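Only one structure is covered here, and it is reproduced in the block below.
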Amino acid sequence: MASYKKIANGNWKYTISYTDNNGNYKQKSKQGFPTKTAAKEVAEPLEIKLKANVHLTDADMLFTDYYSNWIKTYKIGMFSPETDKIYRTAENLVQANFGRLKLRQVSKDKYQQFINDYSEGRSKETVRKIHNKVAACLRHAFHSGSIPIDVTHKITIKGNAGMDPEKKFIEEHELKLLITALKDGLTFKHTSRYMLLLQASTGARIGEIMALSFDSFDFEKQTIKINKSFDYKNTKDIKDTKNGVHRVIDIDDDTIRLIKPYYDYKRKQSLTSILNNTRNLLFVDDYMEPVSPEAVNKSLARACKRAGIKRITSHGLRHTHASMLLTNGVDIQIVAERLGDTVEVVTQVYAHVLQKMRDNNKELVRAIAQSMFN
Numbered sequence: 001m002a003s004y005k006k007i008a009n010g011n012w013k014y015t016i017s018y019t020d021n022n023g024n025y026k027q028k029s030k031q032g033f034p035t036k037t038a039a040k041e042v043a044e045p046l047e048i049k050l051k052a053n054v055h056l057t058d059a060d061m062l063f064t065d066y067y068s069n070w071i072k073t074y075k076i077g078m079f080s081p082e083t084d085k086i087y088r089t090a091e092n093l094v095q096a097n098f099g100r101l102k103l104r105q106v107s108k109d110k111y112q113q114f115i116n117d118y119s120e121g122r123s124k125e126t127v128r129k130i131h132n133k134v135a136a137c138l139r140h141a142f143h144s145g146s147i148p149i150d151v152t153h154k155i156t157i158k159g160n161a162g163m164d165p166e167k168k169f170i171e172e173h174e175l176k177l178l179i180t181a182l183k184d185g186l187t188f189k190h191t192s193r194y195m196l197l198l199q200a201s202t203g204a205r206i207g208e209i210m211a212l213s214f215d216s217f218d219f220e221k222q223t224i225k226i227n228k229s230f231d232y233k234n235t236k237d238i239k240d241t242k243n244g245v246h247r248v249i250d251i252d253d254d255t256i257r258l259i260k261p262y263y264d265y266k267r268k269q270s271l272t273s274i275l276n277n278t279r280n281l282l283f284v285d286d287y288m289e290p291v292s293p294e295a296v297n298k299s300l301a302r303a304c305k306r307a308g309i310k311r312i313t314s315h316g317l318r319h320t321h322a323s324m325l326l327t328n329g330v331d332i333q334i335v336a337e338r339l340g341d342t343v344e345v346v347t348q349v350y351a352h353v354l355q356k357m358r359d360n361n362k363e364l365v366r367a368i369a370q371s372m373f374n
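Below you can see the structure in the form of structure tokens.
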């Protein structure tokens, strides 16, 4: 706000205080006005202009440049290589769709059209991934004062349904058939099968299963520590878990009876082999190399065929595990913690299961209410 002061020679001086784009405190002043009113006539419009010009540099940047700078500053290298790839894909899409538009020229209508165009022939899930990466940048611009409104607010995400949620997992009776098929003729050489059986009983991601080491297991406490993953797409080495969430999950007696003999066999093999199991991983082949997700999924496909059920992927076992927990009344917070996800993600991914539970609970509520009057 401008301040005014009468100086020694009887003239007036104004001083305007403001903060620049870098958050630095600045002042602008001028003297020599015969009256305070004369000083105000010059200072007031100047103050409005100065404060309006704060963030003008950002607003007048090309949106393509603003987005590139934003991901370099806040995103690239902060998460997984897979996440970086999505940001780079989004960057290419921004360059292709927003061209020479300045940040301040990106309107809600233009952004919605961008989403509409990208949704052609793609699933909603794919469109949402890109939307999340671009919208976060525009929300940053809004919250930092570079643009006056959040143009991404209440944007409609279009796209086809993608894979039916019902096809991503199997029912409980189908899982029992699959487990029987996986256990039939099982030997210590069937590493992929052991991985699938453990995934079915824990809901862990395939990369987390691959990264399990001998010290991940505490058979006395009946727990598994999940604090790392295997980057099978890029580095072919150990990395952090997907969300950086480390957890200790409980395992049941049947899982222990199944895994413990295999664990003992692989531990002895690792100690006696002339090849080094340098990472102390449990699920390795005879060459002490991790078994690939492709090999695991091929093994699963064969087991699904033997069991006479529809084919799913190893990730489908994670969905099956979570769906069974939710259907059987396990609290959604507990399910989220077990999966290493947030409640919000679980709510979104398993919306179909939760809707079934709501429908079932409606009938239960009606029955309880009716019993009060009988």
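By the UniProt record's numbering, the letter at position 263 of the sequence shown is numbered 263, and the numbering carries on one by one without gaps.
Yeah, the Cβ is synthetic: ideal placement off N, Cα and C, and Gly gets one too.
None of these values were measured; they are calculated from a predicted model.
Inset, instruction - Find out if the Cβ-Cβ distance for the pair Q27, T15 is shorter than 8 Å. - result: Indexing the sequence shown from 1 puts residue 27 at position 27. Indexing the sequence shown from 1 puts residue 15 at position 15. Cβ distance < 8 Å, so Q27 and T15 count as in contact.
Inset, instruction - Go ahead and pull the three-state DSSP assignment for D237. - result: Along the sequence shown, one-based indexing puts residue 237 at 237. Strand, per DSSP.
Legend entry - DSSP-derived helix/strand/coil call for N160: Residue mapping note: residue 160 aligns to position 160 of the sequence shown, counting from 1. Strand at N160.
Inset, instruction - Quick one: residues in its chain with C-beta nearer than 7 Å to the C-beta of V353, no 5 flanking neighbours on either side, listed in chain order? - result: Taking the first residue of the sequence shown as position 1, residue 353 is located at position 353. Correct list, in chain order: S323, L326 and T327.
Inset, instruction - Give the DSSP-derived three-state secondary structure of V248 in the structure shown. - result: Taking the first residue of the sequence shown as position 1, residue 248 is located at position 248. The DSSP-derived three-state label of V248 is strand.
Legend entry - Cβ-based burial, D341 [other Cβ within 10 Å; buried from 16]: As a first step, residue 341 must be located in the sequence shown, where it is residue number 341. Classification of D341: buried, given that the 10 Å Cβ count is 16 or more.
Legend entry - Own chain residues within Cβ distance below 7 Å of I86, not counting five before or after: As a first step, residue 86 is located in the sequence shown; it is residue number 86 there, counting from the start. If we look at I86 and ignore the five residues flanking it on each side, its Cβ neighbours are K129 and K133.
Legend entry - Burial state of M195, where buried means 16 or more other Cβ atoms lie within 10 Å: Here residue 195 is taken as the residue at index 195 of the sequence shown, counted from 1. Its Cβ being crowded by 16 or more others within 10 Å, M195 is buried.
Inset, instruction - Take every Cβ of the region 144 to 163, pair it with every Cβ of the region 96 to 110, and state whether three or more of those distances are shorter than 8 Å. - result: A contact exists between the region 144 to 163 and the region 96 to 110.
Inset, instruction - Would you decide whether H143 is buried or exposed? Buried here means 16 or more other CB atoms lie within 10 Å of its CB. - result: In the sequence shown, the residue the question calls residue 143 occupies position 143. Classification for H143: exposed.
Inset, instruction - Leaving out five residues on either side along the sequence, give the residues of the same chain with a beta carbon under 6 Å from the beta carbon of M357. - result: Here residue 357 is taken as the residue at index 357 of the sequence shown, counted from 1. There are no such residues.
Legend entry - Integer Cβ distance of R318 from R205, believed to fall under 8 Å: Sequence index remark: in the sequence shown, residue 318 carries index 318 (1-based). Sequence index remark: in the sequence shown, residue 205 carries index 205 (1-based). Confirmed, Cβ separation roughly 6 Å.
Inset, instruction - Use the C-beta contact count for V42: other C-beta atoms within 10 angstroms, 16 or more gives buried, fewer gives exposed. - result: The count along the sequence shown starts at 1 and reaches residue 42 at position 42. V42 is exposed by the Cβ-count criterion.
Inset, instruction - Could you please give me the residues that DSSP links to Y4 through a beta bridge? - result: If you number the sequence shown from 1, residue 4 lands on position 4. For Y4, which the question treats as bridged, DSSP gives the partners Y14.
Legend entry - First and last residue of the uninterrupted alpha helix (DSSP H) at I209: In the sequence shown, residue 209 corresponds to position 209, counting from 1. Start and end: I206 to M210.
Legend entry - Straight-line gap, A307 to K102 (C-alpha atoms, nearest Å): Locating residue 307 in the sequence shown gives position 307, where the first residue counts as 1. Locating residue 102 in the sequence shown gives position 102, where the first residue counts as 1. Taking the straight line joining both Cα atoms gives about 58 Å.
Inset, instruction - Leaving aside the five residues before and after H55 along the sequence, list all residues of the same chain whose C-beta is less than 8 Å from its C-beta, in chain order. - result: Counting from one through the sequence shown, the residue named residue 55 turns up at place 55. With a pLDDT of 49 at H55, under the threshold of 50, the predicted position of this residue should be treated as unreliable, though the coordinate-derived value follows. Result list for H55: N21, S144, G145 and S146, in chain order.
Legend entry - Closest Cα partner of E82 within the set S292, L275 and K233: On the sequence shown, position 82 is the one that residue 82 refers to. In terms of CA proximity to E82, K233 leads the group S292, L275 and K233.
Legend entry - Distance between D253 and V365 (C-alpha atoms, nearest Å): Looking up residue 365 in the sequence shown gives position 365. Looking up residue 253 in the sequence shown gives position 253. Approximately 35 Å, taken between the alpha carbons.
Inset, instruction - Give every residue of the same chain whose Cβ lies closer than 8 Å to the Cβ of I157, excluding the five residues on either side of it in the sequence, and list them in chain order. - result: The residue you call residue 157 lines up with position 157 of the sequence shown. Cβ neighbours of I157 beyond the five flanking positions: I115, S119, K124, V127, R128 and H131.
Inset, instruction - Consult DSSP for Q27 and reduce its assignment to one of helix, strand or coil. - result: Taking the first residue of the sequence shown as position 1, residue 27 is located at position 27. Note: Q27 maps to strand in three-state DSSP.
Inset, instruction - Going by DSSP, name the residue or residues bridged to F373. - result: By one-based count along the sequence shown, residue 373 stands at place 373. DSSP lists no partner for F373.
Inset, instruction - Would you tell me roughly how many angstroms separate the C-alpha atoms of K298 and Y287, rounded to the nearest one? - result: Your numbering for residue 298 matches position 298 in the sequence shown. Your numbering for residue 287 matches position 287 in the sequence shown. Approximately 20 Å between the Cα atoms of the pair.
Legend entry - Separation of D117 from G159, as counted between CA atoms: One-based indexing of the sequence shown puts residue 159 at position 159. One-based indexing of the sequence shown puts residue 117 at position 117. A direct Cα-Cα distance of roughly 10 Å separates G159 from D117.
Inset, instruction - Under the assumption that S229 contacts D240 (Cβ atoms under 8 Å), give the Cβ distance between them as a whole number of angstroms. - result: Mapped onto the sequence shown, residue 229 falls at position 229. Mapped onto the sequence shown, residue 240 falls at position 240. The Cβ separation is near 7 Å, so the contact holds.
Legend entry - For N276 and Q209, the rounded distance between their alpha carbons: Your numbering for residue 209 matches position 209 in the sequence shown. Your numbering for residue 276 matches position 276 in the sequence shown. The sequence given here has Ile at residue 209, not Gln. In a straight line, the C-alpha of I209 is about 20 Å away from that of N276.
Inset, instruction - From the DSSP output, in three-state form, read off H55 for me. - result: As a position in the sequence shown, residue 55 is number 55, starting the count at 1. Bear in mind that a pLDDT of 49 at H55, under 50, signals an unreliable position, so the number given afterwards is only what the model happens to contain. Reduced to three states, the DSSP call for H55 is coil.
Legend entry - Reduced DSSP secondary structure (H/G/I, E/B, other) of K183: In the sequence shown, residue 183 corresponds to position 183, counting from 1. K183: helix per DSSP, three-state reduction.
Legend entry - Boundaries (first-last residue) of the beta strand (DSSP E) holding I224: As a working mapping, residue 224 is identified with position 224 in the sequence shown. From DSSP, the beta strand (DSSP E) with I224 extends over T223 to I226.
Inset, instruction - Determine the direct distance from the alpha carbon of L46 to that of M61, and round the result to whole angstroms. - result: One-based indexing of the sequence shown puts residue 61 at position 61. One-based indexing of the sequence shown puts residue 46 at position 46. If I take the Cα positions, the gap works out to 23 Å.
Inset, instruction - Kindly indicate which three-state DSSP category D286 falls into: helix, strand or coil? - result: Along the sequence shown, read from residue 1 onward, the residue named residue 286 stands at position 286. The answer is coil: DSSP assigns D286 none of H, G, I, E or B.
Inset, instruction - Count the other CB atoms, across all protein chains shown, that sit within 10 Å of the CB of S201; report buried if there are 16 or more and exposed otherwise. - result: Numbered from 1 along the sequence shown, position 201 holds the residue referred to as residue 201. It counts as buried.
Inset, instruction - Just the C-alpha distance for E166 and L175, rounded to the nearest angstrom, thanks. - result: Within the sequence shown, numbered from 1, the residue matching residue 166 stands at position 166. Within the sequence shown, numbered from 1, the residue matching residue 175 stands at position 175. Unreliable positioning characterises E166 in this predicted model, as indicated by a pLDDT of 49, which lies under 50. The coordinate reading is nonetheless provided below. Between E166 and L175, the C-alpha separation is close to 14 Å.
Inset, instruction - Can you check DSSP and say which residues form a bridge with S229? - result: On the sequence shown, position 229 is the one that residue 229 refers to. Paired residue(s): K239.
Inset, instruction - Please classify G32: does DSSP put it in a helix, a strand, or coil? - result: Translated into positions along the sequence shown, residue 32 becomes position 32. In this structure, G32 counts as strand in the three-state DSSP scheme.
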